[in-house]
Amino acid sequence: MTGNKEFKPFLRWAGGKRWFVKYLDVILKDFQYKNYHEPFLGSGAVFFHLPQNNQSFLSDLNTELINAYVQVKDNVDAVIDKLQSFENTKEHYYSIRNKCFDSGISKAAQFIYLNQTSFNGIYRVNLKGVYNVPFGYRSKDHIQAEILRKASIKLQNVNLRSGQFDEGLKRIEAGDLVFLDPPYTITHNDNGFIKYNEKLFREEDQHRLSSFISSVIQKGAFYLLTNAAHEDIRDIFQSNEPIELSRASLIGGKKAKRGKYKEFLFTNLEVNQDSLIKATHERGC
Ligand SMILES: C[S@@+](CC[C@H](N)C(=O)[O-])C[C@H]1O[C@@H](n2cnc3c(N)ncnc32)[C@H](O)[C@@H]1O
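If you're matching positions, the sequence shown starts at 32 in this note's numbering and goes up one per residue.
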């Protein structure tokens, strides 16, 4: 079962998995699963890439993010109308950023607008929970009506929920596929767990994720977990030996340069590592 390019994420998202779908196509080739679960949804790069399945269960801890998905699913034209009333200028950006909208549709439009016009598309809030990313000076159209309409089609009949990744365990059945992409709380060098991320996804959350995976396996379901390539992570998820994936990444601020990063992939699916490496290299990756 391999994916397609018809549908695209409508958000920019830190840790987005667009780069991973070429590996996924190789891993899931000839593999049939029942329902699909993605509890760290973000921009949903993997969900939008995969073909439509029996049922999909998508969730994320970020309630504003999930509201944006719900409104794109149920009220896409109203969201587009609202987006069209917003301008991609610095002045307008800060006035929209400071507004408290009442309706779910306006909140979704605000969320998508800020995501598309902000500095780098990251979702960052201050200690009071107020979004504080500066204006991005991007020339790109912030409305993307076609991508939103297609996303809305793909989201029909999908279950959307905000909450903790392990709250959806009871819905997972034998033969289902669960894709897990938690925030990376490990640095790419050897410094271990990142301090500033401690509130976001702590070491204990990684252990909770490991128990969740044990339950998924016990149910007879399949999982794919991407995580930072670090020995601490290898120790926590030790029941399976990880596959090392490599990806190009832009690092640094003003002195940005391209680097190659390794990430771990843990799974209970049968993966032929040679064919994975061969297929992704043949495609010039
Ligand atoms: C690395 S991002 C996922 C990126 C996604 N795969 C994509 O392609 O855009 C991790 C996501 O997990 C969410 N998250 C963080 N902690 C969580 C938790 N405890 N339970 C559920 N979701 C959580 C974040 O809000 C974020 O959207």
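Heads up, the beta-carbon is just placed ideally off N, CA and C, and yes, glycines get one too.
Rounded C-alpha distance that separates residue i from residue j
i, j, result
"F117", "Y292", "37 Å"
"L256", "Q249", "16 Å"
"K48", "L72", "10 Å"
"K371", "N271", "Since the displayed the chain opens at 32 and closes at 316, residue 371 lies outside it and no answer follows."
"V103", "V247", "30 Å"
"L276", "S193", "29 Å"
"D212", "N299", "15 Å"
"T148", "K171", "8 Å"
"E204", "N85", "12 Å"
"V57", "L96", "30 Å"
"F41", "D236", "28 Å"
"Y154", "I178", "20 Å"
"I308", "F253", "21 Å"
"K285", "L59", "With a pLDDT of only 47 at K285, under 50, the local geometry of the prediction cannot be trusted, and the value read off the model is given with reservation. Looking at the two C-alpha atoms, the distance is approximately 39 Å."
"A45", "N258", "14 Å"
"K53", "A76", "12 Å"
"V302", "F62", "11 Å"
"A260", "S241", "16 Å"
"A176", "E262", "43 Å"
"F268", "S245", "10 Å"
"Y215", "V161", "22 Å"
"K36", "Q187", "18 Å"
"Q83", "T120", "37 Å"
Chain-order list of residues whose beta-carbon lies under 6 Å from that of residue i (same chain, five-residue window excluded)
i, result
"F38", "F79, K181, K185"
"G152", "R43, N146"
"N157", "N163"
"R278", "W50, Y292"
"V101", "L191"
"F150", "V164, P165, G167"
"D197", "F243"
"G251", "A205"
"R202", "F88"
Distance cut-off 7 Å: residue i Cβ against heavy atoms of ligand 1
i, result
"W50", "no"
"L72", "yes"
"D212", "yes"
"G152", "no"
"D91", "yes"
"A76", "yes"
"D56", "no"
"G47", "yes"
"D108", "no"
"D105", "no"
"Q237", "no"
"Q269", "no"
"Q195", "yes"
"L96", "yes"
"L191", "no"
"F297", "no"
"L231", "yes"
Under the three-state DSSP convention, the category residue i falls into
i, result
"T148", "helix"
"H261", "coil"
"K138", "helix"
"T298", "strand"
"H173", "coil"
"L42", "coil"
"Y124", "helix"
"D305", "helix"
"Y118", "The sequence given here places Glu at residue 118; Tyr does not occur at that position. In this structure, E118 counts as coil in the three-state DSSP scheme."
"S242", "helix"
Proximal residues to residue i (C-beta, below 7 Å), its chain only, five neighbours per side dropped
i, result
"Y144", "L114, F117, I127, H173"
"A99", "A139, F142, I143"
"Q304", "I274"
"F232", "P213, P214, T216"
Whole-Å CB distance - residue i paired with residue j, under 8 Å assumed
i, j, result
"N93", "I136", "At roughly 18 Å, the Cβ-Cβ gap does not stay under 8 Å, so N93 and I136 are not in contact."
"Y317", "L55", "Because the chain spans 32 through 316 in this model, residue 317 falls outside it and cannot be assessed."
"S90", "V189", "Their Cβ separation, rounded to whole angstroms, is 11 Å, which puts S90 and V189 out of contact at 8 Å."
"G243", "L208", "Note on identity: in this sequence residue 243 is Phe, with Gly being the wrong assignment. Contact doesn't hold; Cβ gap of about 15 Å is too wide."
"F210", "E69", "5 Å"
Spatial neighbours of residue i in its chain, beta-carbon cut-off 8 Å, leaving aside the 5 residues before and after
i, result
"R317", "What the structure shows of the chain is the stretch from 32 to 316, and residue 317 is not part of that stretch, so it cannot be assessed."
"Y125", "F166"
"K130", "Q141"
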